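Each residue of the sequence shown is one higher than the one before, starting from 1 at the first, in UniProt numbering. We put the CB at the ideal spot given by N, CA and C, even for glycine. These figures come from a predicted structure and were not determined experimentally. Note sheet for the following structure.
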Amino acid sequence: MQWTYHASKKPTADFVSDWLDAGTALVITEDLEKAGRLKEVEFKDEFDTIWTKKELKKLLTEVEEEPQDVTVFFDGGFQKEQRVAGIGAAIYYRQGKKHWRIRTNLRLEQFESNNEAEYAAFYEAVRQMEELGVHHQSCLFKGDSLVVLNQLSGEWPCMEENLNKWLDRIEAKLEKLKIIPVYKPISRKENQEADRLATLALQGEVIFSKLEIAELKES
Numbered sequence: 001m002q003w004t005y006h007a008s009k010k011p012t013a014d015f016v017s018d019w020l021d022a023g024t025a026l027v028i029t030e031d032l033e034k035a036g037r038l039k040e041v042e043f044k045d046e047f048d049t050i051w052t053k054k055e056l057k058k059l060l061t062e063v064e065e066e067p068q069d070v071t072v073f074f075d076g077g078f079q080k081e082q083r084v085a086g087i088g089a090a091i092y093y094r095q096g097k098k099h100w101r102i103r104t105n106l107r108l109e110q111f112e113s114n115n116e117a118e119y120a121a122f123y124e125a126v127r128q129m130e131e132l133g134v135h136h137q138s139c140l141f142k143g144d145s146l147v148v149l150n151q152l153s154g155e156w157p158c159m160e161e162n163l164n165k166w167l168d169r170i171e172a173k174l175e176k177l178k179i180i181p182v183y184k185p186i187s188r189k190e191n192q193e194a195d196r197l198a199t200l201a202l203q204g205e206v207i208f209s210k211l212e213i214a215e216l217k218e219s
């Protein structure tokens, strides 16, 4: 948020804060108002949209029951001889005052590589997010595939035609949902949950579950 600080009988000064969640920004704004030091304020989101305090409060009320604070774990496995892929994803999010976890996996055929399986797992996670109603926010994506994460972020080039098709599908879906992806590589050990889901899919055990949990996983 950006605000103008007003001190009695002294010049005003403009300040811009670090990125804050909207609720925290409103609390800080109201504290400054109570102190009588806030002359004017505006809020800017990650899409460069400007909000007044009144507009932001209305927005928070409207999205209170929509999925927020989304973290995704994804993984893919591949059996070369059979050209079969197993993909898995775990999605953690907050909705209102409750925290939820979705686990899902799929067994897919006619795949060419483990990297393609990883891309398919990422895409399936985004598709599940669309069904949940996730939109217009930053979301954290965690996986142990440096190829997929670095190609999606633009750090590495993608030369394989079949992988480029997956990349284009993912980017189109993220753009449609107005999701800003944040990519975080993790170790295979940290990705055990999604890895296990992918392995079970390869073994023919298909899973879909939604569970209320005590709290979200740490970022």
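Check	Outcome
Length of the line joining the Cα atoms of methionine 206 and asparagine 105	Rather than methionine, the amino acid found at residue 206 in this sequence is valine. Between valine 206 and asparagine 105, the C-alpha separation is close to 6 Å.
Opposing strand residues paired with asparagine 150 [DSSP bridges]	BP columns for asparagine 150 are empty, so no partner.
As assigned by DSSP and simplified to three states, the class of glutamate 66	coil
Distance, glutamate 116 Cα to lysine 80 Cα	12 Å
Same chain, Cβ closer than 6 Å to arginine 101, neighbours up to 5 away in sequence not counted	Tyr92, Leu211 and Ile213
Proximal residues to valine 126 (C-beta, below 7 Å), its chain only, five neighbours per side dropped	Ile170, Lys173 and Leu174
Where tryptophan 156 falls: helix, strand or coil (DSSP)	coil
Contact under 8 Å by Cβ, isoleucine 138 with isoleucine 180	The sequence given here places serine at residue 138; isoleucine does not occur at that position. Closer than 8 Å, so yes.
Where the alpha helix (DSSP H) through glutamate 130 begins and ends	114 to 132
Glutamine 110 versus leucine 163: straight-line alpha-carbon distance, rounded	14 Å
C-beta atoms of alanine 85 and phenylalanine 74 nearer than 8 Å	no
Whole-number beta carbon distance between lysine 57 and leucine 26, since they are thought to touch under 8 Å	7 Å
Three-way DSSP call (helix, strand, coil) for arginine 169 in this model	helix
Glycine 204 - DSSP class collapsed to helix/strand/coil	coil
Distance CB(leucine 152)-CB(leucine 167) smaller than 8 Å	yes
Local conformation of lysine 189 per DSSP, three classes	coil
Best match in Gln68, Glu46 and Ala89 for proximity to glutamate 124 [C-alpha to C-alpha]	Ala89
Threonine 29, enclosing alpha helix (DSSP H) - first and last residue	22 to 34
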